[in-house]
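Here's the structure, in structure tokens; my notes come after.
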Amino acid sequence: MITIDGVSQTFKGRSGPVEAIRDINLTVGEGEFLTVIGRSGCGKSTLLRMVAGLLKPTAGAVQVAGETVRGPRRDVAMVFQKPALLPWRSVEDNVMLPVEIFGWRKSEHRANADRLLEMTGLTAFRKRLPHELSGGMQQRVSLCRALIQNPKVMLLDEPFSALDALTREELAVELQRIHMELGTTMIFVTHSIQEAVLLADRVAVLSSRPGQLRRLVEIPIPRPRSFGHNAHLDQVANISAELHSLLLSDAHLPRTQTA
Ligand SMILES: Nc1ncnc2c1ncn2[C@@H]1O[C@H](COP(=O)(O)OP(=O)(O)OP(=O)(O)O)[C@@H](O)[C@H]1O
Numbered sequence: 001m002i003t004i005d006g007v008s009q010t011f012k013g014r015s016g017p018v019e020a021i022r023d024i025n026l027t028v029g030e031g032e033f034l035t036v037i038g039r040s041g042c043g044k045s046t047l048l049r050m051v052a053g054l055l056k057p058t059a060g061a062v063q064v065a066g067e068t069v070r071g072p073r074r075d076v077a078m079v080f081q082k083p084a085l086l087p088w089r090s091v092e093d094n095v096m097l098p099v100e101i102f103g104w105r106k107s108e109h110r111a112n113a114d115r116l117l118e119m120t121g122l123t124a125f126r127k128r129l130p131h132e133l134s135g136g137m138q139q140r141v142s143l144c145r146a147l148i149q150n151p152k153v154m155l156l157d158e159p160f161s162a163l164d165a166l167t168r169e170e171l172a173v174e175l176q177r178i179h180m181e182l183g184t185t186m187i188f189v190t191h192s193i194q195e196a197v198l199l200a201d202r203v204a205v206l207s208s209r210p211g212q213l214r215r216l217v218e219i220p221i222p223r224p225r226s227f228g229h230n231a232h233l234d235q236v237a238n239i240s241a242e243l244h245s246l247l248l249s250d251a252h253l254p255r256t257q258t259a
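Quick note: the sequence shown uses the UniProt record's numbering, first residue 1, plus one each step.
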């Protein structure tokens, strides 16, 4: 579904070039949930923006559904850390925004909007304005707004990191449910090992900048998964410890040895 083929990105910084991403090769299968972790500034958002077609790689190419990405695609939706809702539009009108932007017939998408609001527990709040909602509910609206596009691929850039710990867990479990129901291919950037392990089929661990693919870790735990006590606690603990030491050891390695 997604092929990241020898992708690099070097920015022209004010005081010289900034090499953000170096030669990443990775494929993400249809319906797969990939999480990406790495230390702050290692290029996670940069990588996601290249997959989204918001940024052209300085080397290599990204393909989605067999086509080289040359700009934003309607079948690829993005969710950011901040929900960025239009404050004067109600919940349902925010969810319908992409339908208007793409010039699709509203009548054909209303039922889908209703279903998404139902699926995320927002039906009773559909007429509310964003400022009347909690941060978690606002982020639910932004998930619905991405899903109304019926995307083949969802790219999520630390979508829950501004939320309190419990809401964050709740939304991660909810996203898992959405993924199980819809089977959308997802790439999810996070700083949280816990979140990465709950959600992923595979976790891509990036090295410190320039971000290189350090390791791909499989999470062979059956779904639905949950935080806290569960039958796979030992397995979760072992995988989390492995990810933790990969991230930690990276700090002590010279950059050239971190790939
Ligand atoms: N437009 C730009 N121009 C110059 N440098 C940039 C630009 N965008 C990003 N960078 C630099 O590229 C590097 C990677 O940034 P990026 O935001 O992708 O990292 P990240 O891993 O997502 O960080 P964080 O985890 O803190 O969100 C950083 O050093 C950043 O300062």
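Don't be surprised by glycine CBs; every beta carbon is placed ideally from N, CA and C.
Selection from the options that minimises the alpha carbon distance to residue i
i, options, result
"V79", "A61, V95, S90 and R70", "V95"
"P220", "W88, H229, R214 and L233", "L233"
"R214", "G16, L248, E158 and P159", "L248"
"S208", "E32, F33, I37 and S90", "I37"
"V141", "V64, K152 and D114", "D114"
"L129", "V91, G121 and V217", "V91"
"D23", "Q212, H229, A231 and A172", "Q212"
Nearest-angstrom Cα separation, counted from residue j out to residue i
i, j, result
"F11", "L55", "11 angstroms"
"Q257", "E19", "Here Q257 scores only 44 on pLDDT, less than 50, and its place in the model should not be relied on; the value that follows carries that caveat. Whole-angstrom Cα-Cα distance: 16 angstroms."
"A111", "G136", "23 angstroms"
"L86", "E174", "23 angstroms"
"R14", "G41", "17 angstroms"
"S8", "T35", "19 angstroms"
"L182", "G16", "44 angstroms"
"T184", "W88", "30 angstroms"
"E170", "P72", "30 angstroms"
"E158", "D93", "24 angstroms"
"R74", "M186", "15 angstroms"
"H244", "D250", "10 angstroms"
"L166", "L97", "29 angstroms"
"L216", "Q149", "29 angstroms"
"E32", "M119", "21 angstroms"
"S107", "F125", "20 angstroms"
"K127", "Q235", "44 angstroms"
"I193", "H109", "36 angstroms"
For residue i, three-class secondary structure by DSSP
i, result
"N94", "helix"
"V141", "helix"
"L26", "strand"
"E218", "strand"
"Q9", "strand"
"P83", "coil"
"H179", "helix"
Test item: CB-CB of residue i and residue j under 8 angstroms
i, j, result
"A77", "M154", "yes"
"Q139", "P83", "yes"
"L198", "R225", "yes"
"C144", "L117", "yes"
"L48", "I21", "no"
"F188", "L147", "no"
"V62", "M50", "yes"
"G43", "P151", "no"
"S161", "H131", "no"
Touch check for the stretch 189 to 205 and the stretch 235 to 252: three-plus C-beta pairs under 8 angstroms?
-> yes
Determine, using beta-carbon pairs with one atom in the stretch 24 to 35 and one in the stretch 2 to 10, whether at least three such pairs fall under 8 angstroms.
-> yes
Three CB pairs or more closer than 8 angstroms across the stretch 221 to 232 and the stretch 65 to 79 = no
contact_flag[the stretch 99 to 111, the stretch 178 to 186] where n(CB pairs < 8 angstroms) is 3 or more = no
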